[in-house]
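When we follow my numbering, the leftmost residue of the sequence shown carries the number 1, and every step to the right adds one.
Idealized CB from N, CA, C, for every residue including glycine.
Working notes, structure below.
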Amino acid sequence: MVLCLALRKTLAFTKVSAVKPVNVKITDTYMEYDIGQAHVKISFEAPPKYYITEPTLSDAGRKLFQQVLEELYLSLTYEEAKDPEKIMTHAERIAAVLKGLDVFRREKDAFRYLLLREIHGYGVLDVLFRDPYVEEISIEGPNIPVAIIHKEVPGARWIDTNIVFRDDDEINSYLTWVSQKVGVVPSTAFPILEFSSPEGHRIIVFYGREVTGRGPGMTVRKFPEEPFTAPKLLAFSTLSPLMMAYLWLFVENKAFVFVIGEMASGKTTTLQSLLTLIPMDAKIVTIEDTPELRLPHTHWQPLYTRTSFAVAESSTRTEIGLMELLKASLRTRADYVIVGESRGAEVQYLVQAAAMGQGSMSTFHAGSAHEALVRLRSPPLNVQESFLALIWAIVLMRRVLSPQGKWVRRVVRTWEIVSSERGVEPMEMFTWDPNTDTFLPDDPEEVIRRSFRLKMLAEIRGWSEDDLYWELKKRMDFLQKLLEEGVTSFEIASKRIMEFYRERMIRKK
């Protein structure tokens, strides 16, 4: 089987590989670093710019490269394409046939870089995909610089790069090429595609000008190569060890928790981190549109929605949405049912899971606990007041400016949901102080004094107030120790959390 059956001899190869970063002279550099053989410089101008310098070819080399690349796509098998050495062997043989062996050997390093960039990577945007500091990538049309969100540039939102697609054809070719990496194809019939890359990045594509005013485009929300863990979130100061220990008790005891916030505020990352605190012997069902959550648990069952791209009306029968998956999950006897993002009436079934005693967690778009409760009560969600009382906590994520002027993500508020004479309402537990970049309260005794839900948990578990204090403090100290030891990796953090639970089980015996 050849490397890419669908794209042989198409516009995609020639158009995509022809796009290259524009050379710009930079006089004032804010930061610079290497991404493989490519070099990145970020200018200190206002607003800052992100410039990429890559290995280049001569005019003769560029002409030969196009021919070699097309022939490689025709001749390479999937297995051969995995091996860089086999790619270069084939490329050299093709160059010899094309009477360009001298050019190929003279510029071999640049040929190697660019061929692997096209075959293994993401072409002209490959540096952006591989740069660990780049969080999001945006193509908005021809002759508009590709823009990024960079986590290390203080005060900057979207930063322009020196990559510019010249016309609709170049962008459409690129969108087709990227989409086909996961087996989908955009078209005028289906101009909007949403999917995850093999690395887990969330991608939305707008093909042609069917639904856009400035031309085809794409937005990529990059997902970290290694899943976040609770200690890693602490290392970023997203919340305090005391807050994490408090939420740990909720998660461990199968409470219903919502993580809310605006788009790209870090909701899914926080949810991912909290899920790593679930007891390792629990059965967990996660339900998502695109695969983002990754858990270390043996009995983790991830479920994903299915979209049909057929034009026929009957094709809707083959689609499987969040609601269908949630209904099915209620019959799996899972200890936890997690929904990556709740948007519609499917939240009714998530509430049912909580009512049945299953641990339930999800993210939700809202700017405050009050706003979240209003949305949950209103159509089309229509959650009854009595069911809202099942929610134990709401965690608000926000992308904010730190006192140092850097964009960071913080848990700015945490509420408990309690019932009163006025109905179900939020009660504030933790707040973030923007002046000091700290969280209050910072004393376990004060947290216990404030918390209605912790007292309720102690009653359920048969704990005295002293027991509750030590359960909270033990977890806080454990997390603080992991933080001090620099334990953030998914594998090691998961192993240490597993050991924490194992030691507790041994002591109980």
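Who are residue i's beta bridge partners in DSSP?
i	result
Ala-458	Paired residue(s): none; Ala-458 is not in a bridge.
Ser-43	Thr-29
Arg-413	Leu-396 and Thr-431
Tyr-174	DSSP, once it has assigned bridges, lists no residue as partnering Tyr-174.
Ala-38	Ile-35
Trp-470	Its beta-bridge partners do not exist; DSSP assigns none.
Phe-439	Trp-432
Val-424	Ser-419
Lys-49	Asp-160
Thr-219	Ser-138 and Ile-204
Are residue i and residue j closer than 8 Å when you measure CB to CB?
i	j	result
Phe-439	Leu-271	no
Leu-64	Phe-104	yes
Glu-225	Glu-199	yes
Pro-47	Ile-159	yes
Val-418	Glu-425	yes
Leu-512	Leu-275	Past the boundaries of the shown model lies residue 512; the chain is included only from 1 to 509, so the question cannot be answered.
Ala-353	Ser-342	no
Glu-152	Tyr-174	no
Ile-163	Leu-116	no
Val-400	Val-412	yes
Val-127	Ala-38	yes
Leu-388	Leu-376	yes
Val-220	Ile-137	yes
Glu-421	Arg-453	no
Pro-296	Val-487	no
Thr-307	Glu-292	no
Ser-43	Thr-29	yes
Asp-433	Ser-237	no
Gly-423	Glu-385	yes
Glu-118	Leu-69	yes
Ser-523	Phe-258	Here the chain comprises residues numbered 1 to 509, so residue 523 is not present and cannot be evaluated.
Val-185	Ser-197	no
Using the C-alpha atoms, what's the distance from residue j back to residue i?
i	j	result
Ala-312	Gly-261	Residue confidence is low: Ala-312 scores 48 on pLDDT, short of 50, so the model does not pin down where it sits. No coordinate-derived value is stated.
Lys-99	Asp-109	19 Å
Met-263	His-365	7 Å
Glu-32	Leu-322	43 Å
Asp-394	Ala-369	It should be noted that the sequence gives Ile, not Asp, for residue 394. Approximately 6 Å between the Cα atoms of the pair.
Leu-7	Pro-84	Low local confidence applies: a pLDDT of 40 at Leu-7 is under 50, so the model's placement there is unreliable, with the coordinate-based value given in what follows. Near 21 Å, if we compare the C-alpha coordinates of Pro-84 and Leu-7.
Ser-58	Lys-86	24 Å
Leu-381	Asp-167	43 Å
Phe-490	Phe-228	7 Å
Phe-256	Val-40	44 Å
Val-211	Pro-191	7 Å
Leu-325	Thr-305	7 Å
Phe-430	Ser-329	33 Å
Arg-112	Pro-302	38 Å
Leu-114	Met-244	45 Å
Arg-333	Met-280	16 Å
Gly-123	Ala-458	56 Å
Arg-496	Arg-502	10 Å
Tyr-510	Gly-357	Not covered by the structure: residue 510. The range shown for the chain is 1 to 509.
Thr-414	Tyr-469	19 Å
Glu-346	Lys-283	21 Å
Arg-475	Val-408	25 Å
Arg-106	Lys-406	45 Å
Arg-450	Met-498	30 Å
Phe-13	Asp-131	Bear in mind that the predicted position of Phe-13 carries a pLDDT of just 42, short of 50, making it too unreliable to give a figure here.
Gln-348	Arg-331	15 Å
Ser-314	Arg-202	With a pLDDT of 49 at Ser-314, under the threshold of 50, the modelled position of this residue cannot be trusted; read the value that follows with caution. Cα-Cα distance, rounded: 28 Å.
Gly-36	Thr-53	11 Å
Glu-45	Pro-441	40 Å
Leu-74	Glu-135	34 Å
Ala-355	Leu-390	7 Å
Within the 8 Å Cβ cut-off, does residue i reach chain C?
i	result
Met-361	Any reference to chain C falls outside this structure, which holds one protein chain only.
Any contact of the segment 74-94 with the segment 135-150, i.e. 3+ C-beta pairs under 8 Å?
-> no
Quick one: which unbroken beta strand (DSSP E) runs of 3-plus residues sit fully inside the segment 228-284? Chain order, please.
-> 256-261
Given 8 Å as the limit, is there contact between the segment 245-256 and the segment 159-178, that is, 3 or more CB pairs closer than that?
-> no
Can we say the segment 205-218 touches the segment 451-471, given the rule of at least three CB pairs closer than 8 Å?
-> no
Entirely enclosed alpha helix (DSSP H) segments - the segment 77-113, minimum 4 residues | 78-81, 84-97 and 101-106
Does the segment 278-290 come close enough to the segment 323-339 that 3 or more CB-CB pairs lie under 8 Å?
-> Here the segment 323-339 makes contact with the segment 278-290; the two share three or more CB pairs at distances below 8 Å.
Any beta strand (DSSP E) of 3 or more consecutive residues that is wholly inside the segment 304-388 | 336-342 and 359-365
Mind listing, in chain order, the continuous alpha helix (DSSP H) runs of no fewer than 4 residues lying wholly within the segment 119-207?
-> 126-130 and 168-179
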